[in-house]
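A.B. asks:
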Amino acid sequence: MLRGRRCSNLAPDSARHFVQTPNQRPSDGDAPQPRPAAPKTTWQDLLANSGRVKREDQPPLPNKIPLHAAPTAEPARPPAPSPPVKPPPQRPFAARPATPHSYAPLPPVPPVVSAPPSAPASVAAASASPACAAPASATSESAAAPRAAPQTNASAAPIQEPAQFDAPVESPMNELDRGALERRLAQTNISPRHQIEAWLAVMVKLGASDLILRAGGRPSTRVDGRIGFLPGRVPGPGALMEVLEGVVGRDRMSAWREHGSVDAALQLDGLGRFRMNAYKQMGEPAIVLRRVSDQAPALDSLELPTAELERLALRKRGLMLVTGIAGSGKSTTLAAMIQYMNTGAERHIVTLEDPIEMLFTEKRCVISQREIGIDCSTFHQGLRHALRQSPDVILIGEMRDQETVTAALDAAETGHLVMSTMHTVNAAQTLDRILAFYPSEQHKQIRTRLGDNLAAVLSQRLLPRAEGKGMVPAFELMTTTPRIRELLEKGETGEIARTIDQGGSPGLISFNQSLRRLVQSKLVALKDALGASDRPDELVLALRGITSGTSNRHPNPTPREE
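Residue numbers (the numbering used here): 825 to 1386.
1. By DSSP, does His1240 sit in helix, in strand, or in coil?
2. For Arg1194, count neighbouring Cβ atoms within 10 angstroms of its own Cβ and tell me buried if that reaches 16, exposed if not.
3. Within the same chain, show all residues whose beta-carbon is closer than 6 Å to that of Arg1097, passing over the 5 residues directly before and after it, in chain order.
4. CB-CB under 8 Å to Gly1294, same chain, minus the five flanking residues each way: which ones, in chain order?
5. Classify Gly1049 as helix, strand or coil using the three-state DSSP reduction.
6. I need the straight-line Cα distance from Met1302 to Leu1339, nearest angstrom please.
7. Please check the pair Leu1158 and Val1146, which I expect to be a contact at CB under 8 Å, by giving their CB distance rounded to whole angstroms.
8. I'd like the list of long-range same chain contacts for Arg1359, defined as Cβ closer than 7 Å, with 5 residues on each side in sequence excluded.
9. How would you label Pro1043, buried or exposed, when you count the other beta carbons within 10 angstroms and need 16 or more for buried?
10. If we ignore side chains and look at the alpha-carbon of each, how far apart do Ile1173 and Met1165 end up?
11. By DSSP's criteria, Cys1200 is part of a beta bridge. Which residues make up the other side?
12. Throw me the rounded Cβ distance for the Leu1311 and Ile1320 pair, which I believe falls under 8 Å.
13. Would you decide whether Gln1344 is buried or exposed? Buried here means 16 or more other CB atoms lie within 10 Å of its CB.
14. Compare the C-alpha of Ser1283 against each of Gln1269, Leu1068, Met1144 and Arg1188 and name the closest.
15. Can you tell me where the alpha helix (DSSP H) holding Pro1061 begins and where it ends?
16. For Tyr1103, does the three-state DSSP call read helix, strand or coil?
17. Could you tell me if Ala1235 is buried or exposed, where buried requires 16 or more neighbouring beta carbons within 10 angstroms of its beta carbon?
18. Put Pro1215 into one of helix, strand or coil per three-state DSSP.
19. Tell me the start and end of each unbroken alpha helix (DSSP H) in the segment 1108-1148 that is at least 4 residues and wholly inside, in chain order.
20. Between Thr1317 and Asp1276, how many whole angstroms is the CB-CB distance? I'm expecting something under 8 Å.
21. At which residue ranges does the segment 1286-1316 contain complete beta strand (DSSP E) runs of 3 or more residues, listed in the order of the chain?
22. Looking only at its own chain, which residues have a Cβ that is under 8 Å from the Cβ of Arg1224, when we skip the five neighbours before and after it?
23. When DSSP labels each residue in this structure, what does Val1229 get in the three-state scheme?
24. Buried or exposed: where does Glu1181 fall if 16 or more other Cβ atoms within 10 Å of its Cβ makes it buried?
25. Our contact map puts Leu1211 next to Thr1238 with C-beta atoms below 8 Å; I'd like the distance itself, whole angstroms only.
26. For Ala1366 and Val1348, I'd like the C-alpha separation in whole angstroms.
27. Could you check whether the segment 1149-1163 touches the segment 1119-1137, counting it as contact only if at least three pairs of C-beta atoms, one from each stretch, sit closer than 8 Å?
28. Starting from Thr1175, trace the beta strand (DSSP E) both ways and give me its first and last residue.
29. Closer than 7 Å by C-beta to Ser1033: which residues in its own chain qualify, once you throw out the five before and the five after it? Chain order, please.
30. For Leu1037, report the span of its beta strand (DSSP E) as first-last.
31. Classify Ile1333 as helix, strand or coil using the three-state DSSP reduction.
32. Tell me Gln1344's beta-bridge partners as DSSP assigns them.
33. According to DSSP, is Gly1096 part of a helix, a strand, or is it coil?
34. Compute the distance between the beta-carbons of Pro1016 and Ala1063, then report whether it is under 8 Å.
35. From Tyr1103 to Gly1041, what distance separates their C-alpha atoms?
36. Would you call the CB atoms of Glu1177 and Gly1221 closer than 8 Å?
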C-alpha cells in the first residue's frame, strides 16, 4: 500500500508526484515519472532573468552562491574609512528690529567665515547672504591658516537673551555684578529659594521697588517706574510652589488655591522686609515682591505739604484718606504720619494691615499692629473689635467694601482719628467711590456723615525726576472747608473738583498747582507733568501765566435731585 501524501494544490503536470519520506518506495502501478534535475541557479541568473540587469552587462560577482548550497562564511572586511565630517559654521543670532517696546540692543555679531563645500545648502546660503558675508581679508586669512581643532562657539557670539536689563544710567547693574549673579545662578546645586534670594539681593542693590517672578519666565524688576530684566530663569511651577508654601504656610496656601491670590510679608536678614503678593497666571504660580523700608520716613522728607499733614496727624477725631494707584506711596505717607505721632504725642495706635509692612519702634506711642488673616479675619471684624481696645488712632490698610466704610465712619463719629487708603486718583473720584458702596436711597445720609467726619483727602502720583534717578510725588489735597462741606452735602462732586483747582483757600491744592511747582523747580520734566495731569491744557496755560480764574464756575449750580 502506498504510504504517501498527494499534493492537491500543485500544478497539473506535477500533480502525479508524491512527497515521500526517506526509505519509502512507491508501488509499481503508480510509479512517478522521474523529474529532471533542476539546474543550479545563482543570484546573477535571478537578476538577469528578472529584467532589471542584463546578463552581459552584469559584472561578475566575486562569489557565486547556489540557491541550494549552504552559504559559506565570508572573511570579515574592514570598514571603509568615512570622510571627515566638518562642522558647519554656526549662524549668528539676528537682532530684532527696534520697536517702541524693545529693550537694549544686542552687541554686534562678529563676521562668519563662508561655509565649506561640504556644508548643507541652507547653511551655505545663509553664509553667502549679504547680512552674513565676511570680508575678503578675513576669508583669505582663514583659508591660508592651518585648520585647528574644532572649538565650541569659537566663531560665533553666544546667544543672549532677547531683552537685556535696561537699568537707569545713574544706577546700572555693572558687568561685574551681572557676571557674579550669572555664576551664582549657574551653580547646579543652588536651591530655588537661594535663587530667589540672589535676585532679591540684586533688587536691593539696584534700589528697585518691585521684583516680578513668574514660573518659568524671566525675572524682572521695576526701577523708577521702568521694567528691566535680570539674568537667569525663574524655577518651574513645582519648585516655585514649594518656595511659596514655605513662605506663606499651609493655611494661606489653601486660600491661594481657592481664591487665586494671597498676601504675605517676608523678612530676610541682611536684605530687609518685603511685601509679597502671590497670584495665579495661566494656572501657574507667580510672585510680586515689593521692598518695604526698614524705618518710617520723616514727613518733611516726602516733598508733600508738611504743615498740613502735621496738623492732620495731631487731630483728635475725623477720617483721613490717602488715595492713589498701586505703588504711589500711600503706605509710606501713612507710616510717616504715624511716626510723627510717635515722636510728638502720647497715643495708642491700632493698625489693621494686610500684610504688616513697616515695623515701628515705639517712642511716645503704643503701637499695636494687627495682620488680616493672622490676628483677625477681615478689616470689618478687626475694626469692630478695635473700638474696645482703647485706641486713639485706627489705621485701616484699605477700605474695600461697604462694611469697612461704615465701620470707619462709626469710629470717626465716636471720637477716633481713622486713617485709611483707597485706590482712586483724585478727591472727587474718592467721594463717588464711597457713595457707590451704598444704594441710592442712602446717598444723602452718607454725604451728610462725610461732611461731618471727613477731615481730608490726599491723592498722590509718583513721577520720575528730571535728573533721571528717583521719583517725586505730585499730590492733590482737599481738606473739608465750609465750601467743600456745603458742596458735599449737595452732592456736587464736579463743583468740588473745580473748587480745588481754583484754590484760593488754605488746605486746597490741585494737581496742576503741584505739577506747576515741580516743573518750575525743574524737578520734573514737562512731558511727564503733562502726562500726569487731569487737565493738561490748563497746566500749559498756568505755566504761561494764564489762569482759568472763575470763568469755569457755574454762577448758579443746580443741586442734584435725590
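Just so it is clear, CB atoms sit at the ideal spot from N, CA and C, and this is done for glycine as well.
C.D. replies: In this structure, then:
1. coil
2. Flag for Arg1194 reads buried.
3. Gln1091 and Val1116
4. Asp1048 and Pro1288
5. coil
6. Cα-Cα distance, rounded: 16 Å.
7. About 6 Å; that satisfies the 8 Å criterion.
8. Asn1336
9. buried
10. 9 Å
11. Ile1196
12. At roughly 5 Å, the Cβ-Cβ gap stays under 8 Å, so Leu1311 and Ile1320 are in contact.
13. exposed
14. Met1144
15. Pro1061 to His1083
16. strand
17. That one is buried.
18. coil
19. Whole alpha helix (DSSP H) segments, 4+ residues: 1130-1137.
20. With 8 Å as the limit, Thr1317 and Asp1276 do not qualify as a contact, their Cβ atoms being about 17 Å apart.
21. 1295-1303
22. Phe1203
23. Of the three classes helix, strand and coil, the one that applies to Val1229 here is helix, per DSSP.
24. buried
25. 7 Å
26. 16 Å
27. In short, these stretches touch, since the Cβ pair count reaches three.
28. His1172 to Glu1177
29. Arg1046, Arg1114, Arg1115 and Gly1151
30. Asp1034 to Arg1038
31. Note: Ile1333 maps to strand in three-state DSSP.
32. Gln1344 is not bridged to any residue.
33. strand
34. Pro1016 places its beta carbon less than 8 Å from that of Ala1063.
35. So the two alpha carbons sit approximately 15 Å from each other.
36. yes
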